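Encoded as structure tokens, the structure appears first; notes follow it.
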Amino acid sequence: MNALHTTHSWEFLEIDSIRQYNHLPMDWKSDVIVGVIDTGVWPESESFNDKGLGPVPEKFKGECVPGENFTLDNCNRKIIGARFYSKGWEAENGTLESSKATFFRSARDSEGHGSHTASTIAGSVVRNVSLFGMARGTARGGAPNARLAIYKACWFGDCNDADILSAMDDAINDGVDILSLSFGPTPPQPIYFEDSNSIGTFHAFKKGILISASAGNSFLPQTACNVAPWILTVAASSIDREFNANLHLGNSKLLKVIILYILFIHYLFCKNNTLDPNLIKGKIVVCTLEKISDDRREKGIFIRQGGGVGMILIDPLVKDVGFQFVIPATLIGQEEAQELQAYMTMEKNPVARIYKTQTILKTKPSPKMTVFSSMGPNIITPDIIKPDITGPGLNILAAWSPVSTEDTGGQSVGYNIISGTSMSCPHVSAVAAIVKSWQPSWSPAAIMSAIMTTATVLDKNQNLIGRDPNGTPTTPFDYGSGHINPMAAINPGLIYEYDSNDIINFLCSSGASLVQLKSLTGEGIYCRNPTTPSYNFNYPSIGISKMNGSLSVYRTVTYYGKGPTVYVAHVNCPSGVDVKVIPDKLDFTETGEKKTFRVDFKAFNKSDGNFVFGDLTWSNGILRVRSPIALNVLSL
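Its first residue numbered 1, the sequence shown is counted upward by one per residue in the UniProt record's numbering.
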């Protein structure tokens with residue numbers, strides 16, 4: 001079973017500069033089809049109107065499957081296909097009706113997650129959108145003229161393996177160009193040959209479909225999921241927007257706090273049946289977390305049930321994440337908590353007021369890695385650096401199902417603000433759709449390479465991207481190749497290509513058995529002898545998980561530019577390792593030309609079981625093609 005990972009963000013990514021710089025019309029990317037496997041879609045949302053779109057692309061072979069509260073008329077030139085799958089879920093859990101939750105036995109979304117991800121990818125332009133006045137502005141997807149094929153395979157927060165595979169099989173046959181998967185296995189990641197996501201996506205990759213998938217929200221090292229080398233694995237970072245409110249204490253202290261939505265009392269964990277109504281009635285209740293996985297919204301519900309009127313939740317880790325509560329509430333970090341505790345200790349009758357939330361733009365530093373984003377290294381094939389890329393995943397506004405009210409304080413809304421790698425994944429899916437529209441003949445690996453090698457590891461202040469909550473230094477195991485850069489991705493200069501045969505060779509070198517390979521490919525596969533070392537797989541990053549002394553790595557790049565040019569190698573050496581690139585200059589004369597180079601690593605210090613990091617950048621003076629390096633030096 002897989003778990004769901006859950007618009008100013010596109011302005012932050014400067015997506016319109018692509019169209020404006022190249023003088024393109026608004027319909028410049030209208031034939032790319034993105035398949036979204038999720039909780040379905042709310043088709044009446046204005047984000048899914050098809051104004052200005054041309055006919056459905058002839059290559060699409062999918063269907064609009066009717067069901068409960070969903071008819072053929074709910075599909076249009078935006079939502080060009082819609083299917084739903086529940087047999088696997090029901091075989092494992094019983095009928096959908098037994099869940100006692102709101103649902104539709106159709107592609108209609110009752111949870112909001114699928115509508116949110118789909119509209120982030122290809123939502124039409126909708127003006128004057130907000131959540132209770134917050135983040136007010138124009139909502140849009142990154143590729144608003146791309147088409148959506150909806151595959152509902154997730155129910156009540158879970159995505160069954162059999163339903164996922166059925167959805168992927170249909171998506172492949174329907175002719176989608178991109179698959180967006182905002183779900184994944186609970187850590188630890190299963191081996192590829194036993195993981196439905198890995199198996200299904202391998203077949204999609206083989207058919208020329210790029211797969212963008214969320215890395216997960218488990219926030220610890222070695223918890224990144226969807227880490228197969230044929231999947232573009234997406235971490236989550238912030239944008240330059242916060243939702244701030246002032247918490248005014250009775251001693252005239254003003255605390256600036258993150259919030260999405262008089263006397264007070266401290267009640268520790270604020271769990272069910274632990275709150276005395278006689279003590280909390282009419283008061284703001286101060287709560288702390290028992291563990292990081294605590295349901296923060298639930299605490300607000302318990303306080304309201306006991307007669308409390310507000311909540312201050314001490315949450316130093318995710319204080320920047322916006323939550324919607326059923327009562328006025330706010331999250332505060334450790335520094336603010338110390339001021340609050342000092343005031344409560346000094347005052348016999350402490351009082352406070354939570355002010356209305358304000359939307360603050362141009363916040364710094366940005367982007368920064370979110371505290372929840374899952375990290376590498378890759379626990380299955382550690383020579384492949386994962387995640388691959390990071391994108392906006394914190395407090396993202398997008399379309400929502402109005403019948404899903406659990407996350408919106410019990411109120412019906414058409415747009416919602418949520419966070420997660422589920423939200424960063426569709427941002428990357430949209431950029432992949434844009435690259436595909438520019439280069440329709442490019443393979444999934446080429447598009448992955450374009451996105452990865454043009455990413456940036458610097459924030460808007462030109463400092464290395466940090467990690468919430470305290471700006472902790474980051475590595476490629478946080479962000480992969482870096483933060484996505486759409487404008488650069490459409491013109492990467494050089495790309496690293498590989499195909500399904502290269503993947504098979506890589507898996508052979510990683511020790512896969514013939515039985516395992518057959519479970520992945522569905523075919524009888526034999527490994528070449530000798531196998532190519534796994535670190536020589538032509539991936540856009542360079543990882544060596546077991547380095548002893550000296551080692552040479554090979555890569556091949558393909559030139560996609562106009563006219564002759566020369567690319568020169570620049571290396572930031574990992575600590576304790578000398579690096580030499582041979583040749584260090586690559587001369588190209590025509591598009592499609594390939595060049596192979598060697599990277600020699602010579603260690604002079606062991607890394608004591610830890611990875612050390614660097615990067616290799618090829619530049620022709622205009623374009624930069626960057627690959628992160630991660631080495632674990634075991635011996636000299």
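Cβ coordinates follow ideal geometry from the N, Cα and C atoms, glycine included.
In this text the structure is predicted, and so the values were computed from the model without any measurement.
Within its chain, find whatever has a CB closer than 8 Å to the CB of residue i; leave out the 5 residues flanking it on each side and keep chain order.
| i | result |
| --- | --- |
| GLY412 | In the sequence on display, residue 412 carries Ser and not Gly. Closer than 8 Å at Cβ, skipping near neighbours: PRO402, VAL403, THR405. |
| PHE156 | SER99, ALA101, PHE103, GLU111 |
Got a sec? Which residues, its chain only, sit under 7 Å from residue i by beta carbon, not counting five neighbours each side?
| i | result |
| --- | --- |
| PRO144 | ALA122, GLY123, SER124, VAL125 |
| ASN22 | For ASN22, the pLDDT reaches just 49, beneath the cut-off of 50, and the residue's location in the model is therefore unreliable, although a value from the coordinates is still provided. If we look at ASN22 and ignore the five residues flanking it on each side, it has no Cβ neighbours. |
| LEU317 | ILE292, VAL371, PRO469 |
Are residue i and residue j touching if we call contact CB-CB under 8 Å?
| i | j | result |
| --- | --- | --- |
| ASP502 | PHE537 | yes |
| GLY307 | PRO328 | no |
| THR456 | HIS483 | yes |
| residue 649 | ALA398 | Only positions 1 to 636 of the chain appear in the structure, and residue 649 is not among them; the question remains open. |
| CYS270 | PHE219 | no |
| ILE465 | LYS362 | no |
| SER180 | GLY54 | no |
| GLY310 | ILE354 | yes |
| ARG127 | THR138 | yes |
| GLY142 | VAL431 | yes |
| PRO392 | SER9 | yes |
| LYS595 | VAL553 | no |
| residue 639 | ALA162 | For the chain, the structure presents residues 1 to 636; residue 639 sits outside this window and is missing. |
| PHE597 | VAL581 | yes |
| ALA146 | SER374 | no |
| SER193 | SER519 | It is worth fixing the name first, because residue 193 is Phe in this sequence and not Ser. Yes, they are a contact pair. |
| PRO486 | ILE15 | yes |
| ASP388 | GLY480 | yes |
| PHE202 | THR589 | no |
| MET340 | ILE312 | The displayed chain sequence assigns Leu, not Met, to residue 340. For LEU340 and ILE312, yes; Cβs fall inside 8 Å. |
| THR565 | ASN620 | yes |
| GLY200 | ALA149 | no |
Since residue i sits in a beta bridge, which residues does DSSP pair it with?
| i | result |
| --- | --- |
| TYR85 | For TYR85, which the question treats as bridged, DSSP gives no partner whatsoever. |
| THR456 | HIS483 |
| residue 638 | Any question about residue 638 goes unanswered here, given that the chain covers just 1 to 636. |
| PRO392 | SER237 |
| PHE597 | ARG555 |
| ALA329 | MET311 |
| GLU547 | Reading off the sequence shown, one finds Met at residue 547, where the question assumed Glu. Bridge partners of MET547: VAL633. |
| TRP155 | ASP158 |
Can you list, in chain order, the residues of its chain with a C-beta nearer than 6 Å to that of residue i? Leave out the 5 residues immediately preceding and following it.
| i | result |
| --- | --- |
| LEU249 | TYR343, ALA352 |
| LYS460 | SER366 |
| CYS573 | VAL579, GLY614 |
| ILE37 | TYR151, ALA153, ALA167, LEU181 |
| MET423 | GLY393, ILE396 |
Would you kindly work out how many angstroms separate the C-alpha atoms of residue i and residue j, rounded to a whole number?
| i | j | result |
| --- | --- | --- |
| ASP587 | ASN491 | 18 Å |
| TYR261 | LYS356 | Bear in mind that the predicted position of TYR261 carries a pLDDT of just 35, short of 50, making it unreliable; the figure below should be weighed with that in mind. So the two alpha carbons sit approximately 7 Å from each other. |
| GLY300 | ILE396 | 22 Å |
| VAL326 | GLY410 | 7 Å |
| SER607 | ALA630 | 11 Å |
| VAL577 | LEU636 | 10 Å |
| LEU616 | SER198 | 29 Å |
| VAL571 | THR233 | 25 Å |
| SER509 | SER212 | 25 Å |
| PRO628 | ASN217 | 23 Å |
| ARG140 | GLY52 | 14 Å |
| ILE386 | ARG624 | Here residue 386 turns out to be Lys, not Ile, going by the sequence shown. Taking the straight line from one Cα to the other gives about 21 Å. |
| LEU507 | THR330 | 48 Å |
| ILE525 | ASP499 | 15 Å |
| VAL257 | LYS291 | Here the model assigns VAL257 a pLDDT of 44, short of 50, so the residue's position is not dependable, and the following value carries that caveat. So the alpha carbons of these two residues sit roughly 21 Å apart. |
| PHE611 | GLY184 | 26 Å |
| GLY561 | ARG555 | 19 Å |
| THR288 | GLY543 | 40 Å |
| GLU497 | ASN272 | 55 Å |
| SER437 | MET448 | 14 Å |
Is the closest heavy atom of the ligand MG to the C-beta of residue i under 7 Å?
| i | result |
| --- | --- |
| ASN536 | The ligand MG is absent from the structure shown, which contains no ligand whatsoever. |
Check whether the region 431 to 443 and the region 470 to 481 touch, using three or more Cβ-Cβ pairs below 8 Å as the test. no
*Quick one: any contact between the region 226 to 242 and the region 378 to 395, if contact means 3 or more CB pairs under 8 Å?*
yes
- prompt: Should the region 55 to 68 be called in touch with the region 171 to 182, which here means at least 3 C-beta pairs below 8 Å?
  reply: yes
Margin query: Quick test of the definition: if touching needs 3 or more C-beta pairs under 8 Å, does the region 515 to 530 touch the region 541 to 548?
Written below: no
Check: Should the region 178 to 192 be regarded as contacting the region 93 to 107, the criterion being three or more beta carbon pairs within less than 8 Å?
Finding: no
Taking one C-beta from the region 502 to 516 and one from the region 412 to 425 each time, how about it: are there three or more such pairs within less than 8 Å?
no
Pair every Cβ in the region 36 to 56 with every Cβ in the region 110 to 120, then say whether three or more of these pairs are closer than 8 Å.
yes
Between the region 128 to 135 and the region 88 to 96, are three or more C-beta pairs nearer than 8 Å? no
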